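Working notes for the structure below.
There are 2 protein chains.
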Amino acid sequence: MNIPMATKPHDRLAAALAGEMAAVDKLIRTRMQSENAPRIPEVTAHLVEAGGKRLRPMLTLAAARLCGYQGDYHLGLAATVEFIHTATLLHDDVVDESAKRRGRPTANLLWDNKSSVLVGDYLFSRSFQLMVETGSLRVLGILANASATIAEGEVLQMTAATDLKTDEDVYLKVVRGKTAALFSAATEVGGVISEAPEEQVRALYDYGDALGIAFQIADDLLDYQGDSGATGKNVGDDFRERKLTLPVIKAVAQANPEEYAFWQRTIEKGRQEDGDLDHALALMAKYDTLTATRADAQGWAAKAQAALAPLPAHEIRDMLHELAGYVVARLS
Amino acid sequence: MNIPMATKPHDRLAAALAGEMAAVDKLIRTRMQSENAPRIPEVTAHLVEAGGKRLRPMLTLAAARLCGYQGDYHLGLAATVEFIHTATLLHDDVVDESAKRRGRPTANLLWDNKSSVLVGDYLFSRSFQLMVETGSLRVLGILANASATIAEGEVLQMTAATDLKTDEDVYLKVVRGKTAALFSAATEVGGVISEAPEEQVRALYDYGDALGIAFQIADDLLDYQGDSGATGKNVGDDFRERKLTLPVIKAVAQANPEEYAFWQRTIEKGRQEDGDLDHALALMAKYDTLTATRADAQGWAAKAQAALAPLPAHEIRDMLHELAGYVVARLS
């Protein structure tokens with residue numbers, strides 16, 4: 061990684077939106093309180109303070125700024141999007157039985173699964189209250205649909221992850237659910253609340269969708285490429301957890317019978333032995349699936365950049381363009 | 061129980077609303093489908109087909125009928141309310157590590173905790189989509205607030221259940237969260253969608269709130285009164301699970317130091333021995349807390365009946381009146 065920190069597009073976006081991001085942070089802290097149940101802010105603070113990138117709320121603020129929005133509702137929507145994200149993280153950690161998130165012990169480990177499930181439900185309800193305050197039924201519809209896509213994607217991932225019949229189409233549905241649906245909702249609602257022309261609202265949706273897909277494919281690729289300093293994960297975690305992601309799906313699609321039996325044993329049946337990860341990496345190298353996966357991610361990043369065309373010329377638009385490039389630049 | 065089945069007010073309500081209840085059932089079945097993730101309808105069907113009483117959607121239909129509603133949105137709202145209820149049951153069973161629900165193995169046992177968490181999230185999102193379709197921001201606000209109260213009540217119950225400092229005020233907050241919030245939202249939205257006068261909307265809220273509280277107190281009392289045929293539970297399940305409910309809270313409030321130590325050992329520390337349930341029952345008998353709890357439930361039922369006064373004279377109003385009486389009649 062030879063791009064200096066200060067030039068990261070994410071940091072430039074954060075600087076350009078600093079005042080509003082501070083207001084969103086304050087709103088998040090206010091709305092995560094609970095008069096009656098102190099466990100709620102304890103658990104939420106653990107995640108909220110952990111220094112996530114706040115990428116999703118920033119996308120909402122960026123979209124609103126880009127479309128010349130003058131009101132205050134974008135702050136509530138940005139907080140909404142972060143609450144939905146935090147709620148899904150809490151539930152994901154229960155589902156995945158994870159022990160670490162953002163380099164710290166997960167809430168389910170520090171408290172218990174119960175707390176993670178119920179506090180997640182609380183945050184989801186809070187996000188729902190926040191979005192009702194905008195008074196926009198269209199915004200509510202977008203976020204309701206995104207929520208359903210997220211939940212459906214999570215269930216699909218659970219049932220499809222270890223099933224070798226999972227192809228690139230199913231993978232894309234899972235990726236839209238787990239990542240792209242909230243990215244695209246975050247950008248789209250920023251345009252809707254600004255009453256931007258339909259063409260621009262559509263452009264914002266397309267940008268968020270393609271950015272989210274590029275982001276997730278890059279994440280899945282980095283799992284096999286190393287770079288554990290940047291991701292906080294070890295090479296091959298997904299293989300060990302028997303998660304079918306794009307680099308493996310592409311290798312399974314081209315496997316000969318012997319190779320297919322290897323994937324059946326290690327992914328479907330989960331009977332892994334020493335040396336299996338190396339063999340899996342060798343099979344991915346044989347079919348050059350890491351390169352093909354990188355090309356897919358780059359394709360989605362280019363699609364995100366192209367989607368920005370109908371939006372006004374603006375420094376924020378330039379930063380969103382660079383952000384899409386940056387997501388895949390870390391792969392080369 | 062010497063009231064014959066056919067005269068139960070619940071069954072008379074179901075008969076009066078049969079056509080609409082059938083439409084709600086159809087809507088539930090349609091909306092629980094998922095094109096992409098077949099696990100979702102499997103898990104949902106397990107609960108939906110289990111023959112719950114569908115009391116909550118019936119309350120919405122009853123309120124709409126009573127207020128002369130002419131449209132179709134009450135069907136979607138009734139389905140919404142049942143989806144929220146089903147989602148909370150799925151999450152509750154994970155939190156309580158329950159093995160049985162409505163006399164059948166729970167979803168977390170048949171599938172796994174992951175499925176229960178994620179399918180619950182999906183149903184909550186589906187309920188959210190359904191309510192957006194009504195186009196009423198006021199309805200959305202009511203259901204958003206109810207959802208937050210439910211989630212907060214669940215967290216509060218988790219942390220307060222084994223804490224002897226839990227008093228009747230905290231108990232009431234828990235009961236409003238776990239039961240009354242959805243009852244009162246179910247009746248209130250039926251009035252709002254009918255554009256009923258504010259006085260009647262308020263009456264419907266008050267009725268649902270008081271009915272829900274009476275219902276939950278009765279449930280907690282029956283846990284110590286037996287009647288396992290009707291409840292499908294054994295006497296003292298709540299004691300064994302260290303749940304502080306009203307009959308025990310009232311006994312703790314009057315306990316001498318020796319008795320307090322008993323409650324500390326059995327509820328707070330959970331170190332239970334043979335004979336402890338009998339001793340607990342003896343302490344409740346000493347302070348007559350089952351009688352006092354019954355009186356509280358009857359008081360809330362009477363409050364529910366009184367709340368109906370501003371509503372139009374109607375056979376449905378009579379049935380709602382009888383329903384409130386029936387909830388506590390099973391206690392005598």
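Sequence lines, in order, name chains A and B.
Count along the first sequence from 1, then add 60; that gives the number in my numbering.
Count along the second sequence from 1, then add 60; that gives the number in my numbering.
Even glycine gets a Cβ: it sits at the ideal position worked out from N, Cα and C.
Computed from a predicted model, the values in this text were never measured in an experiment.
Do you know whose CA, among the options, lies nearest residue i's CA?
i: A:I88; options: A:T120, A:C127 and A:V141; result: A:V141
i: A:G250; options: A:M92, A:M118 and A:T239; result: A:M118
i: A:E406; options: A:E301, A:M344, A:L306 and A:D338; result: Since the first residue of chain A shown is 61 and the last is 392, residue 406 of chain A is not available in this structure.
i: B:I309; options: B:P317, B:L383, B:Y231 and B:E382; result: B:Y231
i: A:L282; options: A:L306, A:A270, A:V261 and A:L264; result: A:L306
i: A:H134; options: A:Y265, A:D229, A:G385 and A:L190; result: A:L190
i: B:A241; options: B:Y320, B:Y267, B:P101 and B:A313; result: B:Y267
i: A:A345; options: A:A315, A:A362, A:L271 and A:E255; result: A:A315
i: A:L115; options: A:G286, A:T146, A:K225 and A:T90; result: A:T146
i: A:L178; options: A:S94, A:D297 and A:Q285; result: A:S94
i: B:K225; options: B:Y320, B:T239 and B:G286; result: B:Y320
i: A:G359; options: A:D378, A:L77, A:L391 and A:A342; result: A:L391
i: A:A361; options: A:A342, A:E375, A:Q285 and A:H381; result: A:H381
i: B:V108; options: B:N96, B:A97, B:Y129 and B:V84; result: B:V84
What's the C-alpha gap between residue i and residue j?
i: B:L304; j: B:D348; result: 17 Å
i: A:D172; j: A:L371; result: 45 Å
i: B:T148; j: B:D71; result: 24 Å
i: B:A139; j: B:H106; result: 17 Å
i: B:S187; j: A:A364; result: 31 Å
i: A:G385; j: A:A270; result: 12 Å
i: A:L368; j: A:A355; result: 20 Å
i: B:M65; j: B:A123; result: At B:M65 the pLDDT is 48, less than 50, meaning the model places this residue with poor confidence; the figure from the coordinates comes in the next sentence. Their Cα atoms are separated by approximately 24 Å.
i: B:T219; j: B:D229; result: 15 Å
i: A:S176; j: A:G237; result: 20 Å
i: A:M379; j: A:P69; result: 6 Å
i: B:Y265; j: B:Q285; result: 30 Å
i: A:L383; j: A:K86; result: 25 Å
i: A:L150; j: A:L197; result: 27 Å
i: A:F322; j: A:A97; result: 50 Å
i: A:Q332; j: A:P317; result: 18 Å
i: B:A221; j: B:D227; result: 10 Å
i: B:T90; j: B:T104; result: 12 Å
Is the separation between the beta-carbon of residue i and that of residue j shorter than 7 Å?
i: B:V234; j: B:Q217; result: yes
i: B:V215; j: A:R99; result: yes
i: B:I202; j: B:E248; result: yes
i: A:A208; j: B:D181; result: no
i: A:T351; j: A:D336; result: no
i: B:D192; j: A:A204; result: Before going further, note that residue 192 of chain B is Val rather than Asp in the sequence given. Cβ distance < 7 Å, so B:V192 and A:A204 count as in contact.
i: B:G272; j: B:F243; result: yes
i: A:A311; j: A:L343; result: yes
i: A:L77; j: A:R377; result: no
i: A:T166; j: A:D152; result: no
Can you list the residues of chain B that residue i reaches, using a CB-CB cut of under 9 Å?
i: A:Q189; result: G201, A204, N205, S207 and A208
How would you list, in chain order, the residues of chain A whose beta-carbon sits under 9 Å from the beta-carbon of residue i?
i: B:E328; result: Those within 9 Å of B:E328 in chain A number zero; the least Cβ separation is about 17 Å.
i: B:G195; result: L197
Enumerate in chain order the residues of its own chain whose CB-to-CB distance from residue i is below 6 Å, with the five nearest sequence positions on each side excluded.
i: A:A357; result: A274, I277, A278 and V388
i: A:E80; result: L121
i: A:A263; result: A367, P370 and L371
At a CB-CB cut-off below 7 Å, which residues of chain B make contact with residue i?
i: A:T219; result: A97 and R99
i: A:S185; result: A204, S207, A208 and A211
i: A:Y347; result: Residues of chain B passing the Cβ test: none, with the nearest at roughly 27 Å.
Residues of chain B with CB closer than 8 Å to the CB of residue i, please, in chain order.
i: A:L178; result: H151, V155, A211, E214, V215 and M218
i: A:K174; result: V154, V155 and M218
i: A:Y320; result: Within 8 Å Cβ-Cβ: nothing; A:Y320 doesn't reach chain B, min ~24 Å.
Examine chain D for any beta-carbon lying closer than 7 Å to the beta-carbon of residue i, and answer yes or no.
i: B:Y267; result: The chain labelled as chain D is not found among the protein chains of the depicted structure, namely A and B.
Note down, in chain order, each residue of its chain lying with its Cβ closer than 8 Å to the Cβ of residue i, except the 5 sequence neighbours on either side.
i: A:S288; result: Residue placement at A:S288 is flagged as unreliable, the pLDDT there being 46, under the threshold of 50; a coordinate-derived value is accordingly withheld.
i: B:F184; result: F143, I144, A147 and S207
i: A:A373; result: none
i: B:G131; result: I253
i: B:P101; result: M92, Q93 and S94
i: A:D297; result: D283
Counting only Cβ pairs nearer than 7 Å, list the residues of chain A close to residue i.
i: B:V192; result: L197, L200, G201 and A204
i: B:Y133; result: Neighbours of B:Y133 on chain A: none; closest Cβ ~13 Å, over 7 Å.
i: B:Y284; result: Residues of chain A passing the Cβ test: none, with the nearest at roughly 25 Å.
Could you tell me which chain A residues have their CB closer than 8 Å to the CB of residue i, listed as they occur along the chain?
i: B:K233; result: N96
Tell me which residues share the same chain as residue i and place their Cβ nearer than 7 Å to its Cβ, disregarding the 5 neighbours each side in the sequence.
i: A:T194; result: Y133, G136, L137 and I253
i: B:A74; result: M81 and M118
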